[in-house]
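One point on numbering: in full-length UniProt numbering, the residue at position 36 of the sequence shown is 36, and numbering is uninterrupted. Yeah, the Cβ is synthetic: ideal placement off N, Cα and C, and Gly gets one too.
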Amino acid sequence: MDTTQNTQSKSKRGHRKETPLPLMIRALFFITIGLLIVYIYYLSTEDLLLKQLVKLSSAIITIFKSVPMPFFIIIGYTLLIFYVGYQVGRKKK
């Protein structure tokens with residue numbers, strides 16, 4: 001029995017390739033979208049979809065009214081600056 005050949009096959013079997021993070025995020029995104037579709041279908045079959053949409057829209061309106069407008073301006077300006085920096089950095093490559 002050849003021991004070198006036996007150890008090589010074990011090392012090949014034991015070596016796992018790690019799943020990259022973008023692939024896991026993509027899978028999580030598709031699972032979330034699937035669950036959202038199932039939940040919306042469930043609400044529509046139970047005639048609760050309209051009530052939930054009204055609750056959701058009122059919650060979003062309350063959030064926009066409670067958070068001051070300068071806060072949104074600062075966030076928007078910061079995102080714009082980062083996006084422009086990203087585009088400039090991408091063009092230099």
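Using a Cβ distance threshold of 9 angstroms, residue 40 and residue 50 do not count as a contacting pair. Judged by DSSP in its simplified three-state form, residue 88 adopts helix. When secondary structure is reduced to three states using DSSP, residue 38 falls in the helix class. For residue 54, the enclosing alpha helix (DSSP H) stretches over residues 49 to 66.
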